[in-house]
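Undergrad: Protein chains in written order, with this note's numbering: chain F, 1 to 243; chain Y, 244 to 486. In this text, a Cβ means the ideal position worked out from N, Cα and C, and glycines have one as well. Nothing here was measured: the structure is a model prediction, and the numbers come from that model. Here you go, one structure.
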DNA sequence: TGCGCCTTTTAACATTTATCAAGAACATGG
DNA sequence: CCATGTTCTTGATAAATGTTAAAAGGCGCA
């Protein structure tokens, strides 16, 4: 198949030209999936991984009882959604679209071949799953150590950073098509409380949300409230202050 | 250097004989580190990874304010503590001993050579960091979706499972040298509340703790209260019911 | 042995967050 | 355009959890 012409953004943009080109060569197809669709289910065998090209996706621990599943990750364009299923061939959680999404498909067999031929590219892919891990740790920190308002501020700050790196946030404005219920699942709080905290942040002059668009009025203040440190994602040397 | 003679247990026991032997060949030394020692610090460059041979270690997001750091992982013998620092050469969190520990040291340069020579062994190592990720997700779920009692039960259930797989829990008895303060940092609750919940679990006939030893009286009940599903760690096909 | 420090335990109280309920706003499909 | 369902918003109330404080237990060390 001819190499698809995909934008290289966000996390993918951190790959070298050579790695990116080689990885693209293993792409079998690009698919579109409508919003709110379950894409992969926990424990079902997987033989491909997905790169999110456009849209927003979520990962959930289904939860032993239906009324309280937990969102464990959100993926933005440029992220590999489930590259961590490559080494083991399975997932421990569900994967769904939030938005309408465009996804690039990478068969594990092709990835395996690539890793054998170019081990350094394998390590580059590995490091993308490692970054995913760092984000998980930050989610643990957020939910475990911060009170509601900090949690919300921290969450919004993370989204702003990741979407900005993906070229999808400008001047503190970006689309985030999550319901307050979704945010509740992500931050471990009730939807009602999300609503109240969002109001407080708005009245604080921090940021506001309107029909899926977030506008940050005072990024520094948001970071302070959320005890947000952008370096968790990038490492100190890589982090460039400002927008 | 001659290949050190280390037990192969827990997560390491899931490696093939060949992978394990090759990996051992890259071990440069075995070191002992006393309890409650900071071993690696966030953002400092790392050129080696550690395999925990004996003892208990913890990983923390230091937390922007000192009074509320969050524990994001606990390592038991057989775990690679910071293998995820190999692809990137840095960590986004601190690493400390809880107990006196014995650790096997693996220089990144030697690991890199190994990955180049035997890419499949590289994938096996990669899959160990992927399992680490799955545990992170489970911690997110625990802290985000479960109430205090469930959180505690779920946490104890995870420790029982992982220590049992490492050959360190028998008949529901195992050593867990954490203070209630530590458990609070791990579960995102105050030490005082940990104490209360521990009492409730004891009075429920579920499990009890005495001077660092946990005894589980009713594992099924503990799993039910904690909504614990052992498959999160192992996958369905690998999970063997019972002890 | 006795002192000092850390951990555990319990109680009282304050605060945060969840739950329930109801109406308003908003979107979707006929 | 209406009808229906979802999401947002707010208030009242309940429940869960945090905080503070104080006493008891354990442990190492002089």
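Tell me the rounded alpha-carbon separation between residue 318(Y) and residue 421(Y).
TA: The straight-line gap from Cα to Cα measures roughly 12 Å.
Undergrad: Under a three-way DSSP split, which group does residue 472(Y) fall into?
TA: Coil at residue 472(Y), not helix or strand.
Undergrad: Would you list the one or two residues that DSSP bridges to residue 207(F)?
TA: Answer is 216(F), bridged to residue 207(F).
Undergrad: Determine, for residue 403(Y), whether the minimum Cβ-Cβ distance to residues of chain F falls below 8 Å.
TA: Not one chain F Cβ lies under 8 Å of residue 403(Y).
Undergrad: Output needed in chain order: residues of the region 359 to 372 of chain Y with a Cβ under 7 Å from some Cβ in chain F.
TA: Here the close residues are 359, 362, 365, 366, 369, 370 and 372.
Undergrad: Could you tell me whether the Cβ atoms of residue 395(Y) and residue 430(Y) are closer together than 8 Å?
TA: Cβ distance < 8 Å, so residue 395(Y) and residue 430(Y) count as in contact.
Undergrad: Cβ of residue 203(F) less than 8 Å from any chain Y Cβ?
TA: Cβ-Cβ to chain Y under 8 Å: no for residue 203(F).
Undergrad: Strictly by DSSP, which residues pair up with residue 177(F)?
TA: According to DSSP, residue 177(F) bridges with nothing at all.
Undergrad: Run through chain Y and tell me which residues come within less than 7 Å of residue 139(F), C-beta to C-beta.
TA: Under the 7 Å cutoff, chain Y gives 383.
Undergrad: Would a check of beta-carbon distances place residue 92(F) closer than 8 Å to chain Y?
TA: Yes, because at least one Cβ of chain Y sits closer than 8 Å to the Cβ of residue 92(F).
Undergrad: So, for residue 213(F): in the same chain, excluding its five sequence neighbours on each side, which residues have a beta-carbon less than 8 Å away from its beta-carbon?
TA: Closer than 8 Å at the Cβ level, and outside the excluded window around residue 213(F), lie 173, 174, 175 and 176.
Undergrad: Tell me the DSSP secondary structure of residue 362(Y) in three-state form.
TA: The answer is helix: DSSP assigns residue 362(Y) an H, G or I state.
Undergrad: What is the residue span of the alpha helix (DSSP H) that residue 75(F) lies within?
TA: Residue 75(F) -> not in any alpha helix (DSSP H); beta strand (DSSP E) instead, spanning 70 to 75.
Undergrad: Examine chain F for any beta-carbon lying closer than 8 Å to the beta-carbon of residue 387(Y), and answer yes or no.
TA: True, the Cβ-Cβ gap to chain F drops below 8 Å.
Undergrad: To the nearest angstrom, how far is the alpha carbon of residue 185(F) from that of residue 297(Y)?
TA: C-alpha separation (whole angstroms): 37 Å.
Undergrad: At a CB-CB cut-off below 7 Å, which residues of chain Y make contact with residue 134(F)?
TA: Those are 335, listed as they occur along chain Y.
Undergrad: So the candidates are 103(F), 69(F) and 121(F); which of them puts its Cα closest to the Cα of residue 385(Y)?
TA: Here the closest residue by C-alpha is 69(F).
Undergrad: With distances taken between CB atoms, is the gap from residue 288(Y) to residue 333(Y) smaller than 8 Å?
TA: The answer is yes: Cβ separation under 8 Å.
Undergrad: Is it true that the CB of residue 121(F) sits closer than 8 Å to the CB of residue 22(F)?
TA: Result yes, Cβ atoms of residue 22(F) and residue 121(F) sit closer than 8 Å.
Undergrad: Comparing the C-beta of residue 54(F) with each C-beta of chain Y, is any distance below 8 Å?
TA: It does not; no Cβ of chain Y falls within 8 Å.
Undergrad: Closer than 8 Å, CB to CB, is residue 98(F) near chain Y or not?
TA: Not closer than 8 Å to any Cβ of chain Y, the Cβ of residue 98(F) fails to qualify, so no.
Undergrad: What would DSSP say about residue 275(Y), mapped onto helix, strand or coil?
TA: Of the three classes helix, strand and coil, the one that applies to residue 275(Y) here is strand, per DSSP.
Undergrad: Smallest Cα separation from residue 125(F): which of 37(F), 50(F), 169(F) and 164(F)?
TA: Out of 37(F), 50(F), 169(F) and 164(F), 50(F) has the C-alpha closest to the C-alpha of residue 125(F).
Undergrad: Let me know if residue 380(Y) comes out buried or exposed under the rule of 16 or more other beta-carbons within 10 Å of its beta-carbon.
TA: So residue 380(Y) counts as buried.
Undergrad: For residue 313(Y), return the contacting residues in chain F, with the cut-off set at a CB-CB distance below 8 Å.
TA: In chain order: 140, 141, 144 and 145.
Undergrad: What residue does the beta strand (DSSP E) around residue 396(Y) start on, and which one ends it?
TA: It is not in any beta strand (DSSP E) - residue 396(Y) instead sits in the alpha helix (DSSP H) that spans 391 to 408.
Undergrad: Would you list the residues sitting across from residue 351(Y) in a DSSP beta bridge?
TA: For residue 351(Y), which the question treats as bridged, DSSP gives no partner whatsoever.
Undergrad: Per DSSP, what are the beta-bridge partners of residue 60(F) in this structure?
TA: Partner(s): 71(F) and 94(F).
Undergrad: Cutting at 7 Å between CB atoms, please list the residues of its own chain near residue 282(Y), excluding the five before and the five after it.
TA: Closer than 7 Å at the Cβ level, and outside the excluded window around residue 282(Y), lie 276, 338, 339 and 340.
Undergrad: I need the DSSP call for residue 465(Y), collapsed to helix, strand or coil.
TA: Helix, per DSSP.
Undergrad: Can you find a CB in chain Y that lies within less than 8 Å of the CB of residue 30(F)?
TA: Cβ-Cβ to chain Y under 8 Å: no for residue 30(F).
Undergrad: With distances taken from CA atoms, which of 342(Y), 254(Y) and 327(Y) is nearest residue 404(Y)?
TA: With distances taken between Cα atoms, residue 404(Y) lies closest to 254(Y).
Undergrad: Any beta carbon from chain F within less than 8 Å of residue 304(Y)'s own beta carbon?
TA: True, the Cβ-Cβ gap to chain F drops below 8 Å.
Undergrad: My assumption, with CB atoms under 8 Å, is that residue 80(F) sits in contact with residue 28(F). Please give the rounded CB distance.
TA: At roughly 15 Å, the Cβ-Cβ gap does not stay under 8 Å, so residue 80(F) and residue 28(F) are not in contact.
Undergrad: Taking residue 100(F) as the reference, which of 116(F), 170(F) and 57(F) has the closest Cα?
TA: Among 116(F), 170(F) and 57(F), the Cα nearest to that of residue 100(F) is on 57(F).
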